[in-house]
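The structure under discussion appears below in the form of structure tokens.
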Amino acid sequence: MEYKGQDWTELANELGISTSERSEGDILKDLDKRLSESIGLNEVLESTVIYEARSFLNSFTKNETYKKPLFQGLLAINDDHTFIKYFRILLPHMWA
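Per the working numbering, the sequence shown starts with residue 24, numbered consecutively.
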């Protein structure tokens, strides 16, 4: 998918999470769960989820100016397990 990088619901929809008539908090919980399930203790279980998260974040950094350096740094993390760990933490704060 080609993301616009404007709203994390794009990523939720791509990962099969319903966003219609649901609160942001519920969507974020489901998205966090889906991202969490993509990794094991020390391994990547679903590389497509990692790919989609990186693609979304790459699009987001094209639109963001204030927090751009932070998220570019996150994208620079090569280890997928570490990337998803911190992506999950920072996702709710992208627009805060």
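Glycine included, each C-beta is placed from N, C-alpha and C at the ideal position.
Buried or exposed: where does Tyr-26 fall if 16 or more other Cβ atoms within 10 Å of its Cβ makes it buried?
Translated into positions along the sequence shown, residue 26 becomes position 3. So Tyr-26 counts as buried.
Under three-state DSSP, which class holds Ile-112?
Sequence index remark: in the sequence shown, residue 112 carries index 89 (1-based). Collapsing the DSSP output to three states places Ile-112 in a helix.
Cα-Cα separation between His-104 and Leu-34, rounded to whole angstroms:
Taking the sequence shown and counting its residues from 1, the one referred to as residue 104 is at position 81. Taking the sequence shown and counting its residues from 1, the one referred to as residue 34 is at position 11. C-alpha of His-104 to C-alpha of Leu-34: approximately 18 Å in a straight line.
Which term fits Glu-60, buried or exposed, when burial requires 16 or more other beta carbons within 10 angstroms of its beta carbon?
On the sequence shown, position 37 is the one that residue 60 refers to. Exposed, because fewer than 16 other Cβ atoms sit within 10 Å of the Cβ of Glu-60.
In DSSP terms, what Val-67 is bridged to
Taking the first residue of the sequence shown as 1, we reach residue 67 at position 44. Among the bridge pairs identified by DSSP, Val-67 is matched with Ile-62.
Measure the CB-CB distance between Phe-83 and Gly-28 and report whether it falls below 7 Å.
As a position in the sequence shown, residue 83 is number 60, starting the count at 1. As a position in the sequence shown, residue 28 is number 5, starting the count at 1. Cβ atoms of Phe-83 and Gly-28: closer than 7 Å.
Helix, strand or coil for Gly-96 per DSSP?
Here the question's residue 96 lines up with position 73 in the sequence shown. Residue state, collapsed to three classes: helix.
From the DSSP output, in three-state form, read off Gly-48 for me.
Position 25 of the sequence shown holds residue 48. Of the three classes helix, strand and coil, the one that applies to Gly-48 here is helix, per DSSP.
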